[in-house]
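The sequence shown: position 236 = 236 (UniProt numbering), numbered continuously.
Where a beta carbon is used, it is the ideal one built from N, C-alpha and C, also for glycine.
None of these values were measured; they are calculated from a predicted model.
Shown next, in structure tokens, is the structure this report addresses.
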Amino acid sequence: MPKSGRATITDVAARAGVSKTAVSKVLNGTGSISTATRDRVLQAARDLHWQPSAHAVALRRARSQTVALVLNRHEAPPAVSATTAELITGIETTLSSRGYGLLLHLVDQPPGAESEIYRRLVDAGRVDGAILTDSVIGDTRPALLRELGLPAVLVGTPDGDDPIPHVRTDPRPAIDQAVDHLLGLGHRRLGFIGGPATRVQAVRRREAFEASVRDHGLELGPMVSTSYSGTASEQVTREVLTAPDRPTALLYGNDTMAIAGIKAARDLGLRTPGDVSVIGAEGQSVGQWIDPPLTTVQRNVVLRGRVAAQLLLQELGIEVDEVRWATDEELLVRASTAPPPTS
Numbered sequence: 001m002p003k004s005g006r007a008t009i010t011d012v013a014a015r016a017g018v019s020k021t022a023v024s025k026v027l028n029g030t031g032s033i034s035t036a037t038r039d040r041v042l043q044a045a046r047d048l049h050w051q052p053s054a055h056a057v058a059l060r061r062a063r064s065q066t067v068a069l070v071l072n073r074h075e076a077p078p079a080v081s082a083t084t085a086e087l088i089t090g091i092e093t094t095l096s097s098r099g100y101g102l103l104l105h106l107v108d109q110p111p112g113a114e115s116e117i118y119r120r121l122v123d124a125g126r127v128d129g130a131i132l133t134d135s136v137i138g139d140t141r142p143a144l145l146r147e148l149g150l151p152a153v154l155v156g157t158p159d160g161d162d163p164i165p166h167v168r169t170d171p172r173p174a175i176d177q178a179v180d181h182l183l184g185l186g187h188r189r190l191g192f193i194g195g196p197a198t199r200v201q202a203v204r205r206r207e208a209f210e211a212s213v214r215d216h217g218l219e220l221g222p223m224v225s226t227s228y229s230g231t232a233s234e235q236v237t238r239e240v241l242t243a244p245d246r247p248t249a250l251l252y253g254n255d256t257m258a259i260a261g262i263k264a265a266r267d268l269g270l271r272t273p274g275d276v277s278v279i280g281a282e283g284q285s286v287g288q289w290i291d292p293p294l295t296t297v298q299r300n301v302v303l304r305g306r307v308a309a310q311l312l313l314q315e316l317g318i319e320v321d322e323v324r325w326a327t328d329e330e331l332l333v334r335a336s337t338a339p340p341p342t343s
């Protein structure tokens, strides 16, 4: 029995030696399940005195064919970035191919306020599952959705060892590529301007940068955590570039921040890449059109959305094609990086 004393579908799957998807298929009567597997699952459920909640049963019998995506954007008005739009494209195209739709909630509320939205959606039976993004330190959403009986997956890395199914990308290989690229050009003073310290992704990327720089035997330059907005990045970049012993190269948490950083440098009379090289992250298409075209750590965001949708469909007991996992990030070199100034 689990420590809580209450068995879950995860416990049943572990005892029966099958996946949670297989348990869902047995309960829902969907998909192709052998008699032996079915008997094993039912026996495990009896052994653990487990049965799905009445509310969960009702949801399975009257599915909404809809998946929730709640985005909390702390800006007025709340907006969807180009990267998020690519993620939604991957999610929606995969869901629609299986007859599912996406219910998008775009809100501008304090952190944690999404909980009430999920409760309302579950109480009204409006969604069959949820896709989470923007994992934060101390994230309570996965536990809440398990409590509500709402299947969910996370795009990103969960905080700690939370068992929520997730689409994770290791930032270290691409960060190593970026640092190697800059060192090869002759840079020795590298700085990092990343996202907020409350975001798991931002913390992991910063840790990867710190480890990579130290592994090359270099001292860390300025390390700053701020919001992912261009306004915040522009201000922080000004402070970093006007400080003594300024870095000759800067890595940013996303492309918007990097583009704003290039503007801040230009306003200070500094050239990119002549005086300061700049590397962004996420690989937004706009990066190729700015002056200079932006070197960036690129990842396939559309594919990440597709994988997230496939994982959720599996959690719902729906058969999908073989999941093609998102590849790691990789460095895309353009013209915003060059050798450092000689003086």
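Taking the beta strand (DSSP E) that residue i falls in, what are its first and last residues?
i: Leu332; result: Glu330 to Leu332
i: Gly194; result: Leu190 to Gly194
i: Tyr252; result: Ala249 to Tyr252
When the Cα of residue i is compared with those of the options, which residue comes out closest?
i: Pro142; options: Tyr118, Gly125, Val127 and Arg126; result: Tyr118
i: Ser229; options: Ser212, Arg214, Gly221 and Gly280; result: Gly280
i: Leu251; options: Asp47, Val200 and Pro171; result: Pro171
i: Gly138; options: Leu121, Val153, Gly129 and Asp162; result: Asp162
i: Gly283; options: Val107, Arg188, Val333 and Val70; result: Val333
i: Ser336; options: Trp289, Gln314 and Glu116; result: Trp289
i: Ile88; options: Gly99, Glu210, Ala309 and Trp325; result: Ala309
i: Ala258; options: Val301, Arg299 and Gly195; result: Gly195
i: Leu103; options: Glu86, Asp328 and Leu121; result: Leu121
i: Thr342; options: Ile164, Leu185, Val41 and Leu220; result: Leu185
i: Ala265; options: Ala249, Pro339 and Asn254; result: Ala249
i: Tyr236; options: His105, Ile164 and Ile193; result: The sequence as given places Val at residue 236; Tyr does not occur at that position. Taking only the C-alpha atoms, the option nearest Val236 is Ile193.
i: Arg299; options: Ser96, Thr169 and Glu329; result: Glu329
i: Glu147; options: Ser212, Thr231, Pro165 and Arg6; result: Arg6
i: Ala85; options: Thr133, Arg98 and Gln51; result: Thr133
i: Thr198; options: Ser227, Glu210, Arg15 and Leu220; result: Ser227
i: Pro340; options: Thr93, Leu270 and Glu322; result: Leu270
If you check the beta carbons only, do residue i and residue j fall under 8 Å apart?
i: Ile155; j: Ile175; result: The question names Ile, but residue 155 is Val in the sequence shown. Cβ atoms of Val155 and Ile175: not closer than 8 Å.
i: Lys263; j: Glu239; result: no
i: Val153; j: Ser64; result: no
i: Val107; j: Val167; result: no
i: Leu48; j: Val12; result: yes
i: Arg189; j: Asp245; result: yes
i: Ala243; j: Pro222; result: yes
i: Ser225; j: Arg206; result: yes
i: Glu116; j: Asn72; result: no
i: Leu331; j: His181; result: yes
i: Pro151; j: Gly129; result: yes
i: Gly101; j: Val302; result: no
i: Ala178; j: Val297; result: yes
i: Asp315; j: Lys20; result: One detail in the question is off: residue 315 reads as Glu in this sequence, not Asp. The answer is yes: Cβ separation under 8 Å.
i: Val80; j: Val136; result: no
i: His105; j: Ala68; result: yes
i: Gly305; j: Val278; result: no
i: Leu313; j: Arg98; result: yes
i: Gly317; j: Pro247; result: no
i: Glu210; j: Leu220; result: yes
May I ask you to list the residues that DSSP assigns as paired with residue i?
i: Arg199; result: Val136
i: Arg105; result: Sequence inspection shows His at residue 105; the Arg mentioned does not correspond to that position. Beta-bridge pairing links His105 to Val70.
i: Thr296; result: Gly280 and Leu332
i: Val167; result: Val155
i: Val224; result: Ile193
i: Ala130; result: Ala68 and Ala152
For the alpha helix (DSSP H) containing residue i, list its first residue and its last residue.
i: Val301; result: Val301 to Glu315
i: Ile262; result: Asp255 to Asp267
i: Gln177; result: Arg172 to Leu185
i: Pro142; result: Arg141 to Leu148
i: Thr231; result: Gly230 to Leu241
i: Gly90; result: Ala82 to Ser96
i: Asp11; result: Ile9 to Ala16
i: Asp39; result: Thr35 to Asp47
i: Arg119; result: Glu114 to Asp123
Answer with yes or no whether the minimum CB distance from residue i to chain B is below 8 Å.
i: Leu121; result: Within the model displayed, chain B is absent; a lone protein chain is all it includes.
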